[in-house]
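Letter 18 of the sequence shown, counting from 1, is numbered 18 in full-length UniProt numbering, and no numbers are missing.
Let me begin by presenting the structure, written as structure tokens, before commenting on it.
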Amino acid sequence: MSRYVRIALIQAKHELPGDRSVEEHKQAAIEKHVAMIEEAAAEGAEIACLQELFFAPYFCAEQSPKWYQAAEPVPGGPTVQRMQEVAKRHEMVLVVPLYEEAMPGVYYNTAAVIDADGTYLGKYRKHHIPHVQAGDRPETGFWEKYYFKPGTGGYPVFATRYGKVGVYICYDRHFPEGARILGLNGAEIVFNPSATVAGLSEYLWKLEQPAHAVANGYYVGAINRVGWEAPWNMGEFYGQSYLVDPRGNFVKVAARDQDEIVIADMDREVIREVRETWQFYRDRRPETYDTLVST
């Protein structure tokens, strides 16, 4: 396996206002992201990750049954099937965050992982589900408990053609326990597709995830959408997607306010060097951590 792996992190503005039909939203967003994946492929990307709920606006800003129509089976739904074709065509691993219907009335915030030959490898379901007001506007917020059940299936790591990939979705990043488990499960890189706005957690955006990278000796690819989304306008999605290495160094950071593809390389030797220097896995004391799961 090659020492270097070229990573693509895709951040994009959702173009349509929320009052358009669910199918219009999905069609426009999927076409836009397929074009950006093709651009990343032209730059040699081997693993690409899209943003949280990539095929829709961040509809959790309101509580409306309209958006249940966006959910699809994973696997077997049309979006995952389309992305399997794209992955195979470009020999690229894809991490595809979308709205999953497990059965009528049971929905998850999910990311599908597709290998470079188009094989569906599995999925991660977001574990930690926020339900909080956005700023001082009681009518808008991160109303995710209306749409999603807490994730099941643990913290899998996927052995792809180009490396061992873990996924942690948006609000998950505030919980270091799962980030550690992903490292224990063998992740070389963890992707955190997100939808987060200025004024709420921006000060944490470049603090928490580099800390996860350092504490666990892996790369983190953090992805955030950009722009304002009408009619909610709950806040500015501030972009600034980035790749950070196991030393906490920012390898590359995207702009705040525009569509962009972060193209940067993961170096496996850096992972090895950091882990052999710090030995955090050797020096763990799991027998002393019972309080974490008993309170």
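From the three backbone atoms N, C-alpha and C, an ideal C-beta is built for every residue, glycine too.
Worksheet item: Among ALA211, GLU236 and PRO150, which residue has its Cα nearest to the Cα of TYR107?
Response: PRO150
Worksheet item: Going by the beta-carbon positions, is the gap between GLN63 and SER194 smaller than 8 angstroms?
Response: no
Worksheet item: Where in the region 205 to 280 do unbroken runs of the alpha helix (DSSP H), each at least 4 residues long, occur, reported from the N-terminal end onward?
Response: 208 to 216 and 268 to 278
Worksheet item: Using CA coordinates, which residue listed in ARG3, GLY122, TRP232 and PHE250 is at the minimum distance from LYS206?
Response: PHE250
Discussion item. On the DSSP letters alone, give me the boundaries of the alpha helix (DSSP H) that VAL34 sits inside.
Written reply: 22 to 42
Worksheet entry | Contacting residues, own chain, Cβ-Cβ under 8 angstroms from GLY44 (five flanking each side not counted) | ARG6 and ILE263
Worksheet item: Got a sec, what are the start and stop residues for the beta strand (DSSP E) THR140 sits in?
Response: 137 to 143
Worksheet item: So which of PHE175, ILE30 and GLY153 has the shortest CA-CA distance to LEU292?
Response: PHE175
Discussion item. Could you check whether ALA48 and LEU98 sit closer than 8 angstroms to each other, using their CB atoms as the reference points?
Written reply: no
Practice prompt. Tell me whether GLY186 is buried or exposed, calling it buried when 16 or more other Cβ atoms sit within 10 Å of its Cβ.
Written response: exposed
Discussion item. I need the DSSP call for VAL74, collapsed to helix, strand or coil.
Written reply: coil
Item to complete: Label GLN209 either buried or exposed according to how many other C-beta atoms from any shown protein chain fall within 10 Å of its C-beta, with 16 as the threshold for buried.
Response: buried
Worksheet item: Whole-angstrom Cβ separation of VAL132 and PHE148, contact assumed at under 8 angstroms?
Response: Incorrect: roughly 14 angstroms between the Cβ atoms, too far for contact.
Practice prompt. For the beta strand (DSSP E) containing LEU121, list its first residue and its last residue.
Written response: 120 to 125
Discussion item. Helix, strand or coil for PRO176? Go by DSSP, reduced to three states.
Written reply: helix
Discussion item. Just verifying my parser: in three-state terms, what is the DSSP assignment at ALA12?
Written reply: coil
Item to complete: Starting from the C-beta of TYR4, find all residues in its chain whose C-beta is less than 8 angstroms away, skip the five residues before and the five after it, and write them out in chain order.
Response: ASP265, MET266, ASP267 and ARG268
Worksheet entry | PRO69 - DSSP class collapsed to helix/strand/coil | The residue you asked about is not Pro; residue 69 is Gln in the sequence shown. If DSSP states are grouped into helix, strand and coil, GLN69 belongs with the helices.
Worksheet item: Can you name the start and end residues of the alpha helix (DSSP H) that VAL293 belongs to?
Response: 291 to 294
Fill in: Identified DSSP bridge partners for PHE158
VAL165
Discussion item. Starting from ASN109, trace the beta strand (DSSP E) in both directions and tell me its first and last residue.
Written reply: 106 to 114
Practice prompt. Look at the Cβ atom of GLU229, then the Cβ atom of TYR58, and state whether they are nearer than 8 angstroms.
Written response: yes
Worksheet item: Shortest alpha-carbon distance to SER2 belongs to which of MET234, ALA40 and GLU46?
Response: GLU46
Item to complete: Could you tell me whether the Cβ atoms of ALA112 and LYS123 are closer together than 8 angstroms?
Response: yes
Worksheet item: Comparing alpha-carbon positions, which option in CYS170, VAL214 and THR196 lies nearest ARG180?
Response: VAL214
Discussion item. DSSP three-state label for PRO57, please.
Written reply: coil
Worksheet entry | Residues bridged to TYR4 [DSSP beta-bridge criterion] | ASP267
Discussion item. I need the boundaries of the beta strand (DSSP E) containing PRO193, first residue and last residue.
Written reply: 189 to 194
Worksheet entry | Own chain, CB closer than 8 angstroms to LYS88, minus 5 neighbours either side, in chain order | ALA116, ASP117 and GLY118
Discussion item. So, under 8 angstroms CB-CB, ALA254 and TYR242 are touching, yes? Tell me the CB distance rounded to an integer number of Å.
Written reply: 7 angstroms
Worksheet item: Hey, VAL220 and VAL190 are a contact pair by Cβ (cut 8 angstroms); roughly how many whole angstroms apart?
Response: 5 angstroms
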